[in-house]
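Read through the structure below, which is laid out as structure tokens, and then see the notes.
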Amino acid sequence: MKSFFKSVLATIVGILISSAIIGVICAFLFFGFIGIILSSSSESYSLKNNTVMTINLTGVMKDRVIPNPIYSYLGLDGDPEMSLTDILAAIKKAKNNDKIKGIYIRSGYFSASSSSLNEIREALLEFKSSGKFIVAYADDYLQGGYYVSSVADKVFLNPQGSLDLHGLSVSPTFYKGMLDKLGIEMQIFKVGTYKSAVEPYITDKMSDANREQVSSFANDIWASILKGISDSRDIPIEDLNRLTDTLPAFRGGDFIINNKLADDLLYETEAKQYLKNMLGLSESDDLYTASVTDMQSVTDPKESGSSDRIAVLYAEGSIVSGTGSSDINDRYLIRQIEKLRENDDVKAVVFRVNSPGGSAYASEQIWKAITNLKAVKPVIVSMGGYAASGGYYISCNATKIYAQPTTLTGSIGIFGMFPNVEGLTNKVGLTFDEVKTNKFSDFGDITRPMTTDEKVILQQYIERGYRLFLTRCSEGRNIPMDVMEQIAEGRVWTGKQALSLGLVDALGGMDDAIRDAAMIAGLSSYTVSEYPRKPGPFDEFFKTQKDEFATRTLKEYLGGDFQLLKTIKEIKDLKEQDFIQARMPYDLEIK
């Protein structure tokens with residue numbers, strides 16, 4: 053028996069020791085794997101003479117992208133995301149670096165706001181002013197890619213490719229018919245004739261007011277796009293509109309060339325040989341290229357090492373209150389603003405806003421934080437594709453506001469929605485009873501329609517919120533209240549229209565805002581720093597947001613259908629967020 057227990061004990065000890073050894077080995081393998089990935093992602097890049105910088109327009113463009121090398125290595129990136137700020141910084145460095153001789157634009161399938169496209173276009177035009185060349189190539193040009201590529205000295209198209217110009221359309225989805233069949237009624241409270249975010253839930257088509265505003269901003273954006281192409285390709289705007297109405301994507305390469313939309317039909321190998329010729333290289337010589345990612349490790353010879361900083365603070369996405377969101381979370385953003393206010397090295401802040409709005413309550417809290425920051429140092433707003441409704445709310449009290457001509461802004465109005473599912477519960481045979489102590493004890497019960505008294509109280513609540521919104525805008529922009537009331541009404545304006553109305557101060561991009569911030573702060577030399585700070589790769593890998601892995605995996609497998617899932621999530625977020633919303637109706641992307 054004694055020997056038996058010794059054998060058992062020895063076996064247990066052996067198992068424990070083996071498990072420990074295996075655990076240590078696995079740990080070494082795991083961290084070795086992570087180390088390999090991180091070292092490969094941080095390899096330094098050495099820029100060679102006679103280099104061409106390449107810009108690959110593919111995927112989804114955001115103002116700022118924080119890459120995760122672990123996901124990249126595992127192939128879970130899904131549709132690639134392009135960083136607008138990285139592209140702009142790379143173009144600026146390429147202009148100032150003598151080793152870069154030109155830029156090669158490779159246009160693919162991607163989506164971006166018209167304002168993002170315009171910022172890239174303006175940066176490319178500035179690059180061309182240095183005397184360096186730009187060459188563009190695509191197997192197929194989508195409308196947005198062609199708008200950017202049209203600045204090139206030479207625009208090449210694959211002989212079997214296409215060039216898409218079709219104009220703009222805005223096609224909202226209306227849910228009322230579906231809700232009626234389900235027995236769900238959306239009870240609406242709003243202020244603003246043009247505040248149309250609620251329309252999909254209460255009607256089956258656009259109202260006349262909404263159709264008016266959508267037509268206005270869509271035509272204004274299209275006019276801006278046409279003017280850019282016209283100036284670069286020397287094609288009259290009237291001719292471009294005529295060509296657009298012929299659907300050139302289906303007309304063949306000869307039609308494209310004969311109408312001066314492109315310069316030649318070349319395969320990509322021939323386009324790259326053209327680049328070699330531009331550089332004085334023979335066919336057998338290597339063509340040195342630098343990607344936007346490569347350029348991140350290249351220093352700008354004109355950058356200052358000053359301790360004085362201009363901070364660029366990013367606010368991108370829907371505005372939400374509380375914690376745990378990847379969008380504009382009011383508590384998190386306010387903490388960032390407070391840190392910048394207390395940082396003596398930060399002499400001015402460029403507040404980059406790219407938001408269609410969201411929670412009215414959260415917008416007010418962020419407005420207050422920006423107001424406190426402005427009392428200490430200049431705050432210059434740079435509007436991206438959207439700075440509307442809540443996005444305008446958080447911008448309106450800045451020292452100065454920049455917008456792109458095609459930025460969608462304004463939409464000064466608020467709304468609230470309460471569902472009534474009584475019809476649905478009746479259909480499935482559910483009934484309810486209650487006992488209450490006070491008149492409004494059951495307020496918010498979605499199993500019955502609201503009473504008249506409840507509706508009156510809520511409408512008054514919405515109107516008070518709207519008056520506060522108007523006051524913030526009127527005082528922030530120094531526009532009389534009676535004038536602001538006419539501008540507001542929930543109407544969406546383009547940046548160009550907003551400039552004429554006094555809602556913004558100037559048209560321009562992020563670089564313009566940074567230069568102006570430095571001038572207002574009295575800085576001749578400065579360093580630009582981005583906030584929130586980008587987390588390290590280990591932080592990205594071990595971050596606790598539980599939905600990140602699932603999101604990236606779904607993007608990988610759903611492809612283009614992921615946008616539908618994103619829309620469903622936004623509806624879910626809207627349901628879970630504050631009752632009072634300051635949000636614009638539509639996202640408009642140029643595809």
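Quick note, the sequence shown lines up with residues 53 to 643 if you use this note's numbering.
Built from N, CA and C at the ideal position, the CB exists for glycine as well.
Roughly how many angstroms separate the alpha carbons of residue i and residue j, rounded to a whole number?
{"i": "S349", "j": "E355", "result": "13 Å"}
{"i": "G462", "j": "G244", "result": "12 Å"}
{"i": "S282", "j": "M113", "result": "24 Å"}
{"i": "F492", "j": "L234", "result": "27 Å"}
{"i": "V487", "j": "K479", "result": "24 Å"}
{"i": "L169", "j": "V200", "result": "6 Å"}
{"i": "D485", "j": "Q239", "result": "22 Å"}
{"i": "N293", "j": "A301", "result": "14 Å"}
{"i": "N102", "j": "Q325", "result": "14 Å"}
{"i": "I107", "j": "A314", "result": "18 Å"}
{"i": "M347", "j": "A142", "result": "6 Å"}
{"i": "R585", "j": "V428", "result": "21 Å"}
{"i": "L392", "j": "D338", "result": "47 Å"}
{"i": "S93", "j": "I172", "result": "Reliability of the predicted coordinates at S93 is poor, the pLDDT of 47 falling under 50, and the value obtained from them is presented with this limitation in mind. Their backbone Cα atoms lie some 26 Å apart in a straight line."}
{"i": "L460", "j": "D564", "result": "18 Å"}
{"i": "G160", "j": "M562", "result": "25 Å"}
{"i": "G280", "j": "V508", "result": "50 Å"}
{"i": "V250", "j": "D291", "result": "39 Å"}
{"i": "A570", "j": "G560", "result": "15 Å"}
{"i": "L194", "j": "D494", "result": "53 Å"}
{"i": "D568", "j": "K426", "result": "15 Å"}
{"i": "K144", "j": "E174", "result": "11 Å"}
{"i": "Y198", "j": "S336", "result": "31 Å"}
{"i": "L220", "j": "E394", "result": "45 Å"}
{"i": "E506", "j": "D216", "result": "52 Å"}
{"i": "D396", "j": "I566", "result": "18 Å"}
{"i": "S181", "j": "V535", "result": "41 Å"}
{"i": "A164", "j": "G196", "result": "8 Å"}
{"i": "Y384", "j": "Y583", "result": "12 Å"}
Using a Cβ-Cβ cut-off of 6 Å (strictly less than) and excluding sequence neighbours within five positions of residue i, which residues of its own chain qualify?
{"i": "I572", "result": "P430"}
{"i": "K247", "result": "G465, F467 and G542"}
{"i": "F162", "result": "L109, T110 and G111"}
{"i": "E667", "result": "Because the chain spans 53 through 643 in this model, residue 667 falls outside it and cannot be assessed."}
{"i": "Q456", "result": "S167, N170 and G547"}
{"i": "S214", "result": "D192 and A301"}
{"i": "S276", "result": "P457 and T458"}
{"i": "G410", "result": "S370, I371, V372, G442 and R635"}
{"i": "G517", "result": "A412, I466 and I632"}
{"i": "D138", "result": "V344"}
{"i": "A421", "result": "I386 and I389"}
{"i": "K151", "result": "L99, N101 and T103"}
{"i": "E237", "result": "N472"}
{"i": "F226", "result": "P252 and D256"}
Please say whether residue j and residue i have beta carbons closer to each other than 8 Å?
{"i": "T546", "j": "T458", "result": "yes"}
{"i": "I186", "j": "G229", "result": "no"}
{"i": "N271", "j": "L295", "result": "no"}
{"i": "K399", "j": "I453", "result": "no"}
{"i": "G140", "j": "A342", "result": "Before going further, note that residue 140 is Leu rather than Gly in the sequence given. No; because the gap between Cβ atoms is not below 8 Å, this pair is not in contact."}
{"i": "V364", "j": "V556", "result": "no"}
{"i": "G528", "j": "N449", "result": "yes"}
{"i": "V203", "j": "S268", "result": "no"}
{"i": "Y578", "j": "S358", "result": "yes"}
{"i": "D360", "j": "L136", "result": "no"}
{"i": "F241", "j": "Q511", "result": "yes"}
{"i": "I289", "j": "L299", "result": "no"}
Residues in the same chain with beta-carbon distance under 8 Å from residue i, minus the five sequence neighbours each way, listed in chain order, please.
{"i": "M330", "result": "K153, G154, F185 and V187"}
{"i": "P353", "result": "N148 and N149"}
{"i": "W419", "result": "Y445, I446, C448, N449 and R524"}
{"i": "S231", "result": "Before going on, a small fix: residue 231 reads as Leu here, not Ser. Cβ neighbours of L231 beyond the five flanking positions: E237, M238 and Y253."}
Once you ignore the five residues that flank residue i on each side, which residues in its own chain have a CB closer than 7 Å to its CB?
{"i": "S15", "result": "In the structure as shown, the chain begins at 53 and stops at 643. Residue 15 is therefore absent and cannot be evaluated."}
{"i": "E133", "result": "G111, V112, K114 and V117"}
- Message: Contact between the segment 550-561 and the segment 250-263 is defined here as three or more beta-carbon pairs at a separation below 8 Å; is this criterion met?
- Response: Short answer: they don't touch.
- Message: Under 8 Å: do the segment 301-311 and the segment 202-219 share three or more Cβ pairs, one atom per stretch?
- Response: Verdict: yes, contact present.
- Item | Touch test, the segment 527-546 against the segment 318-338, Cβ-Cβ under 8 Å, three pairs minimum | Flag = no, the segment 527-546 and the segment 318-338 do not touch.
- Message: Under 8 Å, with one C-beta from each stretch per pair, do the segment 469-479 and the segment 495-512 reach the 3-pair mark?
- Response: Yes: at least three Cβ pairs fall under 8 Å.
- Message: Restricting to runs no shorter than 4 residues, where is the alpha helix (DSSP H) found entirely within the segment 398-471?
- Response: The segment 398-471 contains these whole alpha helix (DSSP H) runs: 412-426 and 442-445.
- Message: Between the segment 436-453 and the segment 518-527, can you find at least three pairs of beta-carbon atoms closer than 8 Å?
- Response: By the C-beta criterion, the segment 518-527 is judged to be in contact with the segment 436-453, since at least 3 inter-stretch pairs fall below 8 Å.
- Query: Is there contact here, the segment 425-439 with the segment 392-404, by at least three beta-carbon pairs under 8 Å?
  - Reply: Taking a contact to require three or more Cβ pairs closer than 8 Å, the segment 425-439 and the segment 392-404 qualify as touching.
- Message: Across the segment 414-421 and the segment 362-374, are there enough close Cβ pairs to call them in contact, namely three or more that are closer than 8 Å?
- Response: Yes: at least three Cβ pairs fall under 8 Å.
- Which parts of the segment 230-271 are runs of the beta strand (DSSP E), unbroken and 3 residues or longer, counting only runs that do not cross its ends? Qualifying beta strand (DSSP E) stretches, in chain order: 237-243.
- Message: List, from N- to C-terminal side, the alpha helix (DSSP H) runs of 4 residues or more that fit wholly inside the segment 493-547.
- Response: Secondary structure remark: continuous alpha helix (DSSP H) runs of at least 4 residues inside the segment 493-547, in chain order: 504-529 and 533-539.
- Whole runs of the beta strand (DSSP E) within the segment 138-199, excluding any shorter than 3 residues: If we require 3 residues or more, the beta strand (DSSP E) runs fully inside the segment 138-199 come out as 152-163 and 185-193.
- Query: What residue ranges within the segment 301-343 form continuous beta strand (DSSP E) runs of no fewer than 3 residues, ordered along the chain?
  - Reply: List check, beta strand (DSSP E) in window: 340-342.
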